[in-house]
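*Asks:*
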Amino acid sequence: MRRKWVVLLALAAAIAVPVAVWAAVAVTSGVYSGNLDAQRAKFRNTAITTTSTTWHNLSPLSVGICAINEVSATLSVNLSGGRARFRILGEQGNVIQPGPAEFAPSGIESFSYTFVTSVGTFEADDKHTLQVQWRSTTGAAVSLRRADLNVLYERGSLCT
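Here the sequence shown stands for residues 213 to 372, numbered as in my numbering.
Here it is in structure tokens:
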């Protein structure tokens, strides 16, 4: 009888472990695709400093686009001071993948990071917005000297 339970437990583990691994991979990775035919860029060339550990918008790095399928947004910044985190939000407040990027300058340094998402038609509309946000990681002063946001996407067909 004991051998029967051991066999059943081994069989259950043989099934459960691959399913759990598949579920973990499915949640932590993704594939987006689209036909690139449009781009949009914004830049900031005036310095700004923050000590705030709360997320706030980085003006004027917000773009409105008419897009479908994959959207990639590359953020490039020139920083000095403490550690800083950056993220990009979609129009519903969703954080664009792969999530916040953290930069730790030693002196004055430039950093770049690419965020990706997939967008679709919502209520017969392909309009979408992306908003860059930033914050100090520790509360130490972080100075952003310059920044740009370059967005690549497939043009949607349902925009007025």
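We treat Cβ as the ideally placed atom computed from N, Cα and C, and that holds for glycine. If you're wondering where the values come from, they're calculated on a predicted model, not measured in any experiment.
Looking only at C-alpha atoms, which of Ala353, Asn247, Gly242 and Leu270 sits nearest to serine 318?
*Replies:* It is Ala353.
*Asks:* Applying the 10 Å Cβ sphere with the 16-neighbour rule, what's the burial state of glutamine 343?
*Replies:* Buried, because 16 or more other Cβ atoms sit within 10 Å of the Cβ of glutamine 343.
*Asks:* Relative to the C-alpha of glycine 351, which candidate in Arg295, Gly246, Gln304 and Asn290 has its C-alpha closest?
*Replies:* Ranking Arg295, Gly246, Gln304 and Asn290 by Cα distance to glycine 351 puts Arg295 first.
*Asks:* In this structure, how does DSSP classify tryptophan 346 when only helix, strand and coil are distinguished?
*Replies:* In the structure shown, tryptophan 346 sits in a strand (DSSP, three-state: E or B).
*Asks:* Mind checking whether asparagine 362 and alanine 279 have CB atoms under 7 Å apart?
*Replies:* No. Outside cutoff.
*Asks:* With DSSP collapsed to three states, give me the class of serine 264.
*Replies:* Coil at serine 264, not helix or strand.
*Asks:* From this set, Ser355, Asp360, Arg367 and Glu321, which residue's C-alpha is nearest isoleucine 260's C-alpha?
*Replies:* The candidate whose alpha carbon is nearest that of isoleucine 260 is Ser355.
*Asks:* Where DSSP assigns a beta bridge to aspartate 360, which residues make up the other side?
*Replies:* Aspartate 360 pairs with Phe255 and Ser288.
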